[in-house]
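Comments concern the structure below.
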Amino acid sequence: MTKSLNWRRGALFASCVLGAPALAVAAGGMTALAPLERGRWEVRDLDGGGARPAICLGDPARFVQLEHAGPACPIEILQNGKGETTAQYSCAGRGFGHTHIRVETPRLIRIDTQGLNNGKPFSYRLEARRAGSC
C-alpha cells in the first residue's frame, strides 16, 4: 500500500514538473502574443518558399511550434518582452526548435525559427497575417 502511494506521489510530481512549461504557455505565458487576433492566418515564407497552409488560430503559442505539427510539445520561454518573444521546445523522438516572434500589429507577426525535425535541420523566416474568420 505504501509503495503504491509513493509511486502515485512520484508520478503526480513528475507530471506537474514536466507538464508545467506547456501549461504555462497555454495559460498565456507569452504575454507578447496576447494581443494577436484569433481567426484565420495566412503564413508565407520570407525567403522565397511561397505560401504555407493557413492556420485557424485559437492559441497564439501555436506559432512557436509550426515545424512540429501535432500535439503540443513542452515549451520553455526564454524571452518575453513587449512585442516579441523567444521560446524553445523539444518534442520527444521528433526533434526540437528555437523560435523568435516579433509582433508588428495584432494582425501581423514575423517568425524566425530553426531546429531539427525527424533528424533534418530546418531554418526559415516567416510572415503571418490575419486574413479573416475561420
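Numbers -26 to -1, 1 to 108, taken from mature numbering (1 follows the signal peptide of the UniProt record, and there is no 0), label the letters of the sequence shown in order.
Beta carbons are placed, not taken as given, at the ideal position from N, Cα and C, and that holds for glycine.
Only a predicted model underlies this, so the values are computations on that prediction, with no experimental measurement involved.
In angstroms with no decimal places, state the Cα-to-Cα distance between GLY23 and ARG99.
-> Numbered from 1 along the sequence shown, position 49 holds the residue referred to as residue 23. Numbered from 1 along the sequence shown, position 125 holds the residue referred to as residue 99. Cα to Cα, the separation comes out at about 10 angstroms.
Continuous beta strand (DSSP E) stretch holding LYS94: start and end = In the sequence shown, counting from the first residue as 1, residue 94 sits at position 120. Its beta strand (DSSP E) spans residues 94 to 106.
Limits of the unbroken beta strand (DSSP E) element including GLU78 | As a position in the sequence shown, residue 78 is number 104, starting the count at 1. First-last of the beta strand (DSSP E) with GLU78: 69 to 79.
First through last residue of the beta strand (DSSP E) which encompasses THR5 = For the purposes of this step, residue 5 is taken as residue 31 along the sequence shown, with counting starting at 1. Where THR5 is concerned, there is no enclosing beta strand (DSSP E), given that its DSSP letter is neither H nor E.
Under 9 angstroms between C-beta atoms of GLY69 and GLY89 = Taking the first residue of the sequence shown as 1, we reach residue 69 at position 95. Taking the first residue of the sequence shown as 1, we reach residue 89 at position 115. Cβ atoms of GLY69 and GLY89: closer than 9 angstroms.
Tell whether a beta-carbon distance below 9 angstroms holds between GLU50 and GLN62.
-> As a working note, residue 50 is residue 76 in the sequence shown. As a working note, residue 62 is residue 88 in the sequence shown. Yes. Within cutoff.
Run through the stretch 8 to 44 for me and flag every whole beta strand (DSSP E) of 3 or more residues, listed as ranges in chain order.
-> DSSP runs (the beta strand (DSSP E)) wholly in the stretch 8 to 44: 13 to 19, 24 to 31.
If we count the other Cβ atoms within 10 Å of its Cβ and call it buried at 16 or more, is PRO(-6) buried or exposed?
-> As a first step, residue -6 must be located in the sequence shown, where it is residue number 21. At PRO(-6) the pLDDT is 41, less than 50, meaning the model places this residue with poor confidence; the figure from the coordinates comes in the next sentence. Answer is buried; the Cβ neighbour count reaches 16.
Just the C-alpha distance for MET4 and ARG18, rounded to the nearest angstrom, thanks.
-> To locate residue 4, count along the sequence shown from 1; it is residue 30. To locate residue 18, count along the sequence shown from 1; it is residue 44. In a straight line, the C-alpha of MET4 is about 23 angstroms away from that of ARG18.
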